[in-house]
Amino acid sequence: MERRPFLVGTASVLAATAGCVGDAPTTPDDGPAATDTDTPPMSPPTITDRSFEPRENCPEPGSATVSTDDARVIVEGCIVGRNGCMVASLASATYDAVADELSVRVTTVDESEPDEMCTQQLVHRGYRAEIRFDGGLPATTVVTHDGADGEREVARTEHGD
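For the sequence shown, the residue numbers in the UniProt record's numbering are 1 to 161.
In structure tokens:
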């Protein structure tokens with residue numbers, strides 16, 4: 001019998017399985033494992049109130065600024081109307097919980113009487129919109145104007161936590 005090939009084969013098998021057999025080393029017990037708590041999920045912010053105040057002329061047409069306080073998003077802007085009878089109007093203020101985004105859409109409307117004559121020139125109409133929230137503020141506010149120069153985004157603001 002040839003012992004040398006037998007010993008080489010046995011040594012190879014033992015070397016290949018070294019560390020793979022036997023008991024795992026024990027570790028000290030750190031106590032009971034942490035358990036999940038039943039913390040209710042955070043509910044998204046909800047709009048509780050909207051207010052809109054049209055203003056007269058404004059200096060920067062096609063612009064808007066967004067500011068916040070504890071429970072409100074405040075939008076002040078200037079939209080272009082197609083004639084002197086146009087006034088700024090809040091078309092919509094909606095909150096998308098999935099995107100965590102407030103969308104404010106401002107347009108102009110003709111509030112003239114049927115027999116009233118309107119100046120035939122572009123006018124700049126200011127406004128202030130306040131959107132009140134419960135449960136926090138949205139991460140982003142987007143302001144869109146739909147005026148004499150078409151519909152376009154005029155402001156996008158990311159709010160800090």
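Beta carbons are placed, not taken as given, at the ideal position from N, Cα and C, and that holds for glycine.
According to the neighbour-count rule (16 or more other Cβ atoms, all chains shown, within 10 Å of its Cβ), is residue i buried or exposed?
| i | result |
| --- | --- |
| residue 160 | exposed |
| residue 89 | buried |
Is the Cβ-Cβ distance between residue i and residue j less than 7 Å?
| i | j | result |
| --- | --- | --- |
| residue 153 | residue 74 | no |
| residue 71 | residue 155 | no |
| residue 85 | residue 110 | yes |
Pull up the DSSP beta-bridge partners for residue i, would you.
| i | result |
| --- | --- |
| residue 66 | 75 |
| residue 54 | 127 |
Output the distance between the C-alpha atoms of residue i and residue j, rounded to the nearest integer angstrom.
| i | j | result |
| --- | --- | --- |
| residue 157 | residue 149 | 22 Å |
| residue 50 | residue 126 | 17 Å |
| residue 98 | residue 42 | 13 Å |
| residue 67 | residue 133 | 14 Å |
| residue 44 | residue 69 | 17 Å |
Using the three-state DSSP reduction, which class does residue i fall into: helix, strand or coil?
| i | result |
| --- | --- |
| residue 134 | strand |
| residue 102 | strand |
| residue 86 | strand |
| residue 96 | strand |
| residue 110 | strand |
| residue 45 | coil |
| residue 60 | coil |
| residue 150 | strand |
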